[in-house]
Amino acid sequence: MSEHAIELTVNGHCHATRVEARTSLGEFLRDGLGYTGTHLACEHGVCGACTVMIDGRAMRSCLMLAVQADGAEVTTVEGLAEADGTLHPVQQALKDNFGLQCGFCTPGVAITMACVTRDNAGVEAPRMEDALTTAMSGHICRCTGYQGIRRAIRQLAGAST
Amino acid sequence: MNVQAKSVGAVRYVGTRQPRKEDARLLTGRGQFTDDVRMPGMLHIAFVRSAVARGRIVSIDLDAAREMPGVQAIYTQADLAAVPVQMLSFFFTNIESPVTLLADGRVACVGDPIAMVIAESRAQAEDAVSLVEVVVEEETPLVTIADAKTGAPVHPDRDDNIAAEMGDEDALEAIQPLLDGAAHVVSTRIRHQRIAPSPMEGRACAASPDGAEEMTVWMGCQSPHLAARYLAQALGMPTGAIRVVARDVGGGFGLKNIPWREEVAVVVAAKLLRRPVKWIEDRFESLTASSHAREQDVSLSLALDEGGRFQAAWCDYACNNGAWPMGEDANIAVHMFMWPAYKLPAYGFITRGWYTNTMGLGGYRGPWAMESLVRETLLEKAARKIGIDPVELRRRNLVYLTDQPHTSSMGIPVEDITPGECLEKLMANIDYAGFRREQAEARKEGRDLGIGFATYIEPTGSAGSMAPMTGETVQLRIEPTGKVVAMLSTHSQGHGTATTMAQVIAEQLGVAYEDIAVYEGDSAIGAFSPGAAGSRQGVIAGGATWRAAEMLADKVKVVAAHLSNASVETVTIEGGMVHIAGAPEMSRSIREIAEIAYGEPGRLPEGAATGLEAQYRYQPPPMTMTSAAHCCMVEVSAETGFVKILRWISAEDCGTVINPGVVEGQIAGGLAQAIGQVLLEDMPYDARGNPLAATFKDYLMPSISDVPDFEYLHANTPSQTIGGMRGVGEGGAIVGPPTLVNAIADALAPFGEIDELVLPLTPARVLDVIEQRDVSGTRAHLDGADVAAVVEETNPAEVVAPVMAAGIDGDWNMVLKTPMGPQEMVAHFDADGAVVSGYLQAPEGRQDFSGGTLSGSQVKFEMKVEKPMKITLKYDLQFDGDTVSGKCKMGMFGSATVTGERV
Ligand code: FES
Ligand code: FES
Numbered sequence: 003m004s005e006h007a008i009e010l011t012v013n014g015h016c017h018a019t020r021v022e023a024r025t026s027l028g029e030f031l032r033d034g035l036g037y038t039g040t041h042l043a044c045e046h047g048v049c050g051a052c053t054v055m056i057d058g059r060a061m062r063s064c065l066m067l068a069v070q071a072d073g074a075e076v077t078t079v080e081g082l083a084e085a086d087g088t089l090h091p092v093q094q095a096l097k098d099n100f101g102l103q104c105g106f107c108t109p110g111v112a113i114t115m116a117c118v119t120r121d122n123a124g125v126e127a128p129r130m131e132d133a134l135t136t137a138m139s140g141h142i143c144r145c146t147g148y149q150g151i152r153r154a155i156r157q158l159a160g161a162s163t
Numbered sequence: 003m004n005v006q007a008k009s010v011g012a013v014r015y016v017g018t019r020q021p022r023k024e025d026a027r028l029l030t031g032r033g034q035f036t037d038d039v040r041m042p043g044m045l046h047i048a049f050v051r052s053a054v055a056r057g058r059i060v061s062i063d064l065d066a067a068r069e070m071p072g073v074q075a076i077y078t079q080a081d082l083a084a085v086p087v088q089m090l091s092f093f094f095t096n097i098e099s100p101v102t103l104l105a106d107g108r109v110a111c112v113g114d115p116i117a118m119v120i121a122e123s124r125a126q127a128e129d130a131v132s133l134v135e136v137v138v139e140e141e142t143p144l145v146t147i148a149d150a151k152t153g154a155p156v157h158p159d160r161d162d163n164i165a166a167e168m169g170d171e172d173a174l175e176a177i178q179p180l181l182d183g184a185a186h187v188v189s190t191r192i193r194h195q196r197i198a199p200s201p202m203e204g205r206a207c208a209a210s211p212d213g214a215e216e217m218t219v220w221m222g223c224q225s226p227h228l229a230a231r232y233l234a235q236a237l238g239m240p241t242g243a244i245r246v247v248a249r250d251v252g253g254g255f256g257l258k259n260i261p262w263r264e265e266v267a268v269v270v271a272a273k274l275l276r277r278p279v280k281w282i283e284d285r286f287e288s289l290t291a292s293s294h295a296r297e298q299d300v301s302l303s304l305a306l307d308e309g310g311r312f313q314a315a316w317c318d319y320a321c322n323n324g325a326w327p328m329g330e331d332a333n334i335a336v337h338m339f340m341w342p343a344y345k346l347p348a349y350g351f352i353t354r355g356w357y358t359n360t361m362g363l364g365g366y367r368g369p370w371a372m373e374s375l376v377r378e379t380l381l382e383k384a385a386r387k388i389g390i391d392p393v394e395l396r397r398r399n400l401v402y403l404t405d406q407p408h409t410s411s412m413g414i415p416v417e418d419i420t421p422g423e424c425l426e427k428l429m430a431n432i433d434y435a436g437f438r439r440e441q442a443e444a445r446k447e448g449r450d451l452g453i454g455f456a457t458y459i460e461p462t463g464s465a466g467s468m469a470p471m472t473g474e475t476v477q478l479r480i481e482p483t484g485k486v487v488a489m490l491s492t493h494s495q496g497h498g499t500a501t502t503m504a505q506v507i508a509e510q511l512g513v514a515y516e517d518i519a520v521y522e523g524d525s526a527i528g529a530f531s532p533g534a535a536g537s538r539q540g541v542i543a544g545g546a547t548w549r550a551a552e553m554l555a556d557k558v559k560v561v562a563a564h565l566s567n568a569s570v571e572t573v574t575i576e577g578g579m580v581h582i583a584g585a586p587e588m589s590r591s592i593r594e595i596a597e598i599a600y601g602e603p604g605r606l607p608e609g610a611a612t613g614l615e616a617q618y619r620y621q622p623p624p625m626t627m628t629s630a631a632h633c634c635m636v637e638v639s640a641e642t643g644f645v646k647i648l649r650w651i652s653a654e655d656c657g658t659v660i661n662p663g664v665v666e667g668q669i670a671g672g673l674a675q676a677i678g679q680v681l682l683e684d685m686p687y688d689a690r691g692n693p694l695a696a697t698f699k700d701y702l703m704p705s706i707s708d709v710p711d712f713e714y715l716h717a718n719t720p721s722q723t724i725g726g727m728r729g730v731g732e733g734g735a736i737v738g739p740p741t742l743v744n745a746i747a748d749a750l751a752p753f754g755e756i757d758e759l760v761l762p763l764t765p766a767r768v769l770d771v772i773e774q775r776d777v778s779g780t781r782a783h784l785d786g787a788d789v790a791a792v793v794e795e796t797n798p799a800e801v802v803a804p805v806m807a808a809g810i811d812g813d814w815n816m817v818l819k820t821p822m823g824p825q826e827m828v829a830h831f832d833a834d835g836a837v838v839s840g841y842l843q844a845p846e847g848r849q850d851f852s853g854g855t856l857s858g859s860q861v862k863f864e865m866k867v868e869k870p871m872k873i874t875l876k877y878d879l880q881f882d883g884d885t886v887s888g889k890c891k892m893g894m895f896g897s898a899t900v901t902g903e904r905v
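Keeping their order, the protein sequence lines are chains A and B.
Everything in the first sequence is counted per my numbering, starting at 3 for the first residue and increasing by one.
Everything in the second sequence is counted per my numbering, starting at 3 for the first residue and increasing by one.
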């Protein structure tokens with residue numbers, strides 16, 4: 003297997019290392035760099051659990067190779083909250099609304115929500131709700147029946163206007 | 003029991019939506035799931051699995067794989083056999099099929115593990131797996147229940163493919179005349195598809211050999227205590243040698259009730275290799291090689307009188323156990339819990355589990371849920387047939403509180419169930435007549451709306467009747483810092499037990515919720531409990547926590563009273579402060595009391611123990627019943643067959659609600675799984691035994707757009723447990739499926755009945771009803787498959803026994819093989835001509851019998867027992883020289899074989 007030198011920023015920290023060409027970004031973040039907050043639940047691009055932010059966009063880290071992230075700025079769920087521990091609004095909304103149970107799908111859910119709320123900042127509540135719900139259709143949660151996630155969406159939508 | 007009256011602190015925590023203690027770490031990526039565990043030198047495991055459903059292994063060529071970089075070891079069953087293993091069921095009884103960790107000379111299903119490769123990285127292990135060459139002499143597999151009835155035994159050492167059987171064939175003789183003579187008889191048949199439990203985190207296990215014999219195991223499980231006990235017993239290791247840690251687990255749903263072949267193999271590999279190893283199941287394995295659930299074929303007939311009152315019912319139940327079930331299962335619970343909520347005078351059944359060449363059967367939320375699905379869907383079918391409203395039909399037959407105590411026709415006593423009351427609460431909160439008007443209007447416009455109901459009860463918090471179903475322990479202490487630490491026997495795979503238990507402690511102890519730290523998820527903490535199994539933790543651990551916190555509060559009060567020279571009755575604790583009535587200047591913080599209790603023993607009352615600790619193990623009543631009534635409204639598109647769920651209202655009675663957010667979360671999660679079962683999820687097999695849903699693109703999990711907003715009504719009838727809780731973990735998955743099916747059937751009523759319910763109800767299957775033809779091809783497929791089913795079963799020829807020469811008098815060592823495991827006993831017989839008397843002596847005691855008969859070498863006698871239920875045991879034994887064999891009919895528990903020899 004060929005190895006390649008890559009350099010990327012994860013949650014504000016710079017990492018320069020070598021990685022096998024075939025290693026997925028998700029595996030690399032977890033095993034190579036120790037950001038185990040990113041979860042791999044299907045590795046087929048279906049469930050959304052592995053979603054991370056790459057240069058500001060929500061991407062499935064199981065469908066992307068680590069080498070493709072060379073030079074990228076990556077945010078994982080570990081990087082969402084403020085340095086002082088204040089939760090990101092999407093984390094707070096999920097917490098307020100029982101949006102998680104086992105928490106395995108949650109990192110991906112939170113990252114996607116963070117991207118969608120930022121991209122749609124300022125839009126009217128119904129549009130924000132719509133954008134978030136549509137985005138959530140790409141995430142599978144086995145535990146919650148999506149009830150708390152939907153309530154969190156409404157809370158975020160309500161707060162956006 | 004009145005919750006209000008028992009409250010100690012003024013601040014109410016029980017009944018409030020406290021934010022979850024678990025969330026802080028899970029939301030920030032700081033949980034610890036098994037795959038997050040890494041140790042220096044840890045190796046990674048990947049399994050070589052069978053691509054063939056059935057056959058003899060001719061050869062396994064490991065040479066090429068061994069050459070691969072990073073490969074440290076490759077094990078087959080021949081290697082693992084160095085460590086003796088006895089696989090066990092959830093009940094800690096031996097598995098009957100010849101299950102080994104890896105395939106032992108034969109494969110019996112696709113996905114059967116054949117070898118395990120251990121390498122420096124997961125990728126290297128998978129590379130090597132792809133180079134292992136396995137040659138199998140393929141045989142024709144048995145895939146369906148119909149195949150199993152006629153095909154050669156899946157396990158060559160067994161006589162047939164019946165994995166388990168219960169029920170009394172004779173009962174049909176009594177039931178049939180009631181069916182024949184009834185004003186109405188309605189029947190239904192349900193073919194429930196195979197479900198892949200699919201927790202978002204698949205199975206996972208890491209093991210590290212520590213010390214001389216100790217092993218630390220991280221495992222995705224539902225109880226680290228149960229997992230540790232299982233591993234120790236299965237591997238013949240001292241219990242203390244195994245420590246299981248499961249900080250965070252990404253969903254269990256019954257699949258992770260017990261460690262199974264792969265997890266045990268991981269531990270054995272660590273033992274053999276003396277290196278830390280880890281196996282993380284991938285999604286392909288999780289879907290195709292983790293234990294499956296359901297796959298049942300069930301027929302139910304119900305007789306009703308002119309007024310729609312239930313008279314009698316007969317059920318024929320079959321389920322596909324696959325090749326290696328986690329416990330051979332004929333699902334007796336389906337029959338036990340089908341009718342206690344209804345007045346039904348007579349019920350009979352035959353129930354069987356069948357071995358096939360498919361992945362084995364495991365646990366899944368509400369394993370006996372078929373009782374509600376088949377009963378409630380048949381009930382609404384009956385309502386349509388007779389022309390009675392489905393709600394009214396329930397009202398005529400439900401057991402209301404005023405009808406209790408009531409004992410079901412199978413001897414299940416109920417005294418505080420509220421399915422009828424839940425139904426009334428539901429009806430008071432929906433505009434039923436309004437919906438019917440709206441439905442009629444919509445029909446005129448060509449839109450098809452439907453409404454469906456279901457009522458049910460569920461045994462929760464079971465303890466004391468089965469080996470793993472025990473009480474729960476709580477160890478509680480106030481630290482010298484005044485903070486509270488709780489060590490629990492519970493486990494959360496999303497249940498939020500740290501949250502709910504902390505709420506109980508906060509309220510009972512009078513401290514702030516934030517000041518309580520809860521530890522669970524480690525077999526070194528707390529004490530034995532099966533964790534999340536059977537909707538029990540809120541009930542039993544809740545009760546244990548409730549009492550332990552009261553005990554600790556009492557201790558604080560005694561110390562405070564002594565310090566202030568006041569009487570104990572005047573002391574109250576609130577918000578972490580200890581107050582003396584009428585003496586506000588004497589208030590002290592709990593911290594101050596704790597500092598004294600630990601550090602200044604001289605200031606404590608005479609003889610009082612130092613520190614502030616309490617421990618309580620709660621043994622609740624054997625069973626606590628939960629009841630519910632649900633209603634769902636749908637719109638079905640006659641053009642596409644798509645079902646849109648418009649509303650879903652749940653009225654459940656889970657007694658004291660500790661945290662409505664958690665309770666509703668449990669109901670919602672179960673309902674989402676119910677929606678998946680009814681509309682989406684399916685793990686089909688082809689005729690060669692290949693599982694056909696290998697990714698989440700094929701196995702359709704409910705997404706946010708498939709699940710509506712659920713509405714909740716809580717009836718809060720306290721149970722008889724400490725705290726008054728009732729279990730709520732499985733209810734949604736049990737009552738959900740019939741609710742939705744009934745709504746769809748109601749929408750489809752103008753087009754026709756769903757004659758035979760084949761799940762999932764895909765749009766094409768809905769169109770089968772709408773267009774009254776086989777749009778989906780299901781009928782053609784099933785008719786093909788059923789051909790095998792009509793072939794008569796052949797019974798082995800009766801063996802004629804020789805007449806006993808040596809006589810039967812004296813003592814015999816006998817073993818009775820019951821569903822709960824083998825029971826050993828000594829039987830004593832005295833024959834007086836053709837009349838036999840004697841006794842059976844077991845560790846639990848001795849019981850006499852008389853009036854038995856001897857004819858030739860056959861002895862028959864009866865014995866009434868009270869435990870676990872009132873039943874009459876009917877023995878039918880054949881004596882042959884110094885050996886005896888035969889059967890014991892155990893009422894509804896079916897027949898057990900008896901073997902023995904002269905003492
Ligand atoms: S793990 Fe990447 S989408 Fe499922
Ligand atoms: S919280 Fe368990 S999968 Fe979403």
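Idealized CB from N, CA, C, for every residue including glycine.
None of the values given here were measured: they were computed from a predicted structure.
Contact list for residue i against chain B, beta-carbon separation under 7 Å
| i | result |
| --- | --- |
| residue 21 of chain A | Under the 7 Å cutoff, chain B gives no residues; its nearest Cβ is about 12 Å from residue 21 of chain A. |
| residue 138 of chain A | 706 |
| residue 108 of chain A | 28, 29 |
Interface partners of residue i on chain A, CB under 8 Å
| i | result |
| --- | --- |
| residue 30 of chain B | 39, 79, 80, 82, 83, 89, 93 |
Residues that residue i bridges to, as DSSP identifies them
| i | result |
| --- | --- |
| residue 517 of chain B | In DSSP, residue 517 of chain B forms no bridge with anything. |
| residue 649 of chain B | B/635 |
| residue 69 of chain B | Note: residue 69 of chain B sits in no beta bridge, so no partner. |
Where residue i meets chain A, residues with beta-carbon distance less than 7 Å
| i | result |
| --- | --- |
| residue 670 of chain B | 146, 147, 149 |
| residue 115 of chain B | What residue 115 of chain B touches in chain A: nothing, since even the nearest Cβ is about 20 Å away. |
Neighbourhood of residue i by C-beta distance below 6 Å, restricted to the same chain and skipping five residues each side
| i | result |
| --- | --- |
| residue 10 of chain B | Bear in mind that a pLDDT of 44 at residue 10 of chain B, under 50, signals an unreliable position, so the number given afterwards is only what the model happens to contain. Contacts found: 510, 512, 555. |
| residue 340 of chain B | 373, 377 |
| residue 301 of chain B | 191, 318 |
| residue 66 of chain B | 133 |
Chain A contact residues for residue i, given Cβ-Cβ distances below 9 Å
| i | result |
| --- | --- |
| residue 674 of chain B | 143, 144, 145, 146, 147, 148, 149 |
| residue 849 of chain B | The contacting residues do not exist; residue 849 of chain B stays about 48 Å from chain A at best. |
Interface partners of residue i on chain B, CB under 8 Å
| i | result |
| --- | --- |
| residue 152 of chain A | 706, 711 |
| residue 128 of chain A | Going along chain B, no residue has its Cβ under 8 Å from residue 128 of chain A, so there is no contact; the nearest lies around 16 Å. |
| residue 98 of chain A | 21 |
| residue 45 of chain A | 284, 285 |
8 Å Cβ shell around residue i - same chain, five flanking residues per side excluded
| i | result |
| --- | --- |
| residue 802 of chain B | The pLDDT assigned to residue 802 of chain B is 38, lower than 50, so where the model puts this residue is not dependable; a value taken from the coordinates is nonetheless given after this. Correct list: empty, nothing qualifies. |
| residue 668 of chain B | 497, 730, 731, 733, 734 |
7 Å CB neighbourhood of residue i in its chain, flanking five on each side removed
| i | result |
| --- | --- |
| residue 82 of chain B | 103, 104, 267, 270 |
Check your understanding: What residues sit near ligand 2, counting only those whose C-beta is closer than 7 Å to one of its heavy atoms, in chain order?
Key -> A/102, A/103, A/104, A/105, A/106, A/107, A/108, A/143, A/144, A/145, A/146, B/202, B/252, B/253, B/496
Exercise for review: Quick one: which unbroken alpha helix (DSSP H) runs of 4-plus residues sit fully inside the segment 340-388 of chain B? Chain order, please.
Suggested key: 372-388
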